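Positions 788 to 1068 (this note's numbering) are the ones given, in order, by the sequence shown. Data first, discussion second: the structure below is written as structure tokens.
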Amino acid sequence: MTIIDGKAVSASVREELKGEAENFAARYGRKVALAVIIVGDDPASHTYVNNKIKGCEQVGFRSICHRFDDGVPQEQVADVLKQLANDDTVDGILVQLPLPKGYDSEYLLSLIPDSKDVDGFSPANTGLLSMNRPNTVSCTPLGIMSLLASTGRELKGKHAVVIGRSNTVGKPMAMLLLNADCTVTVCHSRTRDIAEIARQADILVAAVGRAGFVTADMVKDGAIVIDVGINRIDGKLYGDVDFASVAHKCSYITPVPGGVGPMTISMLLKNTLQAAVNRLK
Ligand code: NAP
788 MTIIDGKAVS ASVREELKGE AENFAARYGR KVALAVIIVG DDPASHTYVN NKIKGCEQVG
848 FRSICHRFDD GVPQEQVADV LKQLANDDTV DGILVQLPLP KGYDSEYLLS LIPDSKDVDG
908 FSPANTGLLS MNRPNTVSCT PLGIMSLLAS TGRELKGKHA VVIGRSNTVG KPMAMLLLNA
968 DCTVTVCHSR TRDIAEIARQ ADILVAAVGR AGFVTADMVK DGAIVIDVGI NRIDGKLYGD
1028 VDFASVAHKC SYITPVPGGV GPMTISMLLK NTLQAAVNRL K
């Protein structure tokens, strides 16, 4: 069994981005810029935002961060989004989700132009992915494709089972695997006998949000297991996969932390650079 080192793959992506960001700045006379909006005081969301800002610094991007208190009028957030949308020196915009209760995330996200939608959540970017004409793709599933590539294993014809069907992880993951010629099964909370389906997977992706959901009896010998879950229990992070038991059965596995997580921000940075280049083309 090999542990897929998300930190190492992520570091090499960022090293590459650093060079590309320098070239961009030299050519266009400004840095690639990412704007982040956060509302409320959810500690996990603040940690993610801080890591995104740190990531920008690491690769030489400019970051812009607007922090709003929970309770700020929605139109105030909308106004900032509209300004950022019209600012030619801003390449990517993201709203950290989830927003506190009472905010209409669909409306606020709709204010981000497709060309600056570096999270890849817009209906246009989602649709293009499903047509196998990907433009900007959701960062976590995109990072997982890089991790799968790092194994050197052929994906074509493999049976991939994705547990989870969220718009941000499960569905785009399934689309990317389908576009890579896998045969894909998507499971969710109403799926009957998930264990039986999971056992048929050559590639098993767990994006459930339940600590230790995937146990050894759900994994085929030699499968590649990707653990997307981030579950905080008593201040400690746990994945959706019971690592200790599953690790003995699979060929490759991502750890939590240090697997999928580090890739997500690297892909966000990659998407931002791509958005900058595309807009200036
Ligand atoms: P989500 O929106 O809550 O979706 C969870 C999915 O799991 C849903 O489709 C749900 O089914 C399904 N599910 C829940 N309980 C189930 C059960 N008992 N049996 C089968 N399916 C079940 O979560 P998400 O945003 O996709 O995230 C999933 C996990 O990945 C979370 O732990 C999250 O923190 C983590 N995550 C990590 C990263 C990263 O960078 N590493 C990024 C994003 C998310 P229904 O649709 O039927 O409700």
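Backbone N, C-alpha and C fix where the C-beta goes; we use that ideal spot for every residue, glycine too. Everything numeric in this text was worked out from a predicted model, so none of it was measured.
I'd like the list of long-range same chain contacts for residue i, defined as Cβ closer than 6 Å, with 5 residues on each side in sequence excluded.
i     : result
A982  : M1005
I990  : K945, A947, I1011
M932  : L963
H975  : R952
V846  : R801, L804, K805, A808, L1056
V971  : A947, A961, L964, L965
G1009 : S1038
A967  : L942
Y1025 : A998, N1018
Output needed for residue i: all residues of its chain with C-beta closer than 7 Å, excluding positions within five of it in sequence on either side, in chain order.
i     : result
V995  : I950, G951, G1016, D1027
P1069 : Residue 1069 is absent from the model: the chain starts at 788 and stops at 1068.
K869  : L898
T938  : I791, I1011, Y1039
H1051 : His is not the amino acid found at residue 1051; the sequence shown has Thr there. Only C926, T927, G930 meet the Cβ criterion.
D891  : Q861
P921  : L915
Y835  : Q883
Are residue i and residue j touching if we call contact CB-CB under 8 Å?
i     : j     : result
L871  : V877  : yes
R986  : K1007 : yes
A993  : D1014 : yes
S1032 : A1003 : yes
Compute the minimum distance between the beta carbon of residue i and the heavy atoms of the ligand NAP, and state whether it is under 7 Å.
i     : result
S976  : yes
I1011 : no
V992  : no
V1015 : yes
T1051 : yes
R940  : no
V1147 : Residue 1147 lies beyond the range of the chain shown here (788 to 1068); nothing can be said about it.
T972  : no
I772  : Look at the range of the chain in this structure, 788 to 1068, and you will see that residue 772 is not part of it.
D980  : no
S799  : no
T789  : no
G957  : yes
D1120 : Only positions 788 to 1068 of the chain appear in this structure, which leaves residue 1120 out of reach.
V924  : no
R952  : yes
N1018 : yes
T927  : yes
Do you know offhand how far residue i's Cα is from residue j's?
i     : j     : result
K1068 : S850  : 22 Å
T1059 : A795  : 21 Å
L1073 : A812  : Nothing in the structure corresponds to residue 1073, since the chain is present only between 788 and 1068.
N1018 : G1045 : 14 Å
V882  : Q861  : 13 Å
L896  : G907  : 11 Å
R814  : I880  : 22 Å
C969  : R940  : 12 Å
D874  : V867  : 11 Å
G1022 : N837  : 18 Å
R1066 : V819  : 11 Å
L916  : A1063 : 20 Å
G816  : N810  : 10 Å
K1036 : V1001 : 12 Å
F848  : S832  : 21 Å
A865  : F1030 : 42 Å
D829  : K888  : 12 Å
E893  : N954  : 12 Å
Might you give, ordered along the chain, the residues of its own chain that have their beta carbon closer than 8 Å to the beta carbon of residue i, omitting 5 neighbours on each side?
i     : result
V1047 : G793, T927, G930, I931, L934, I1013, D1014, V1015, T1041
Could you tell me whether the region 828–841 touches the region 899–916, using the rule of 3 or more Cβ pairs below 8 Å?
no
Contact between the region 850–861 and the region 907–919: three or more CB pairs below 8 Å?
no
Counting Cβ pairs closer than 8 Å, one from the region 798–808 and one from the region 822–829, do we hit at least three?
no
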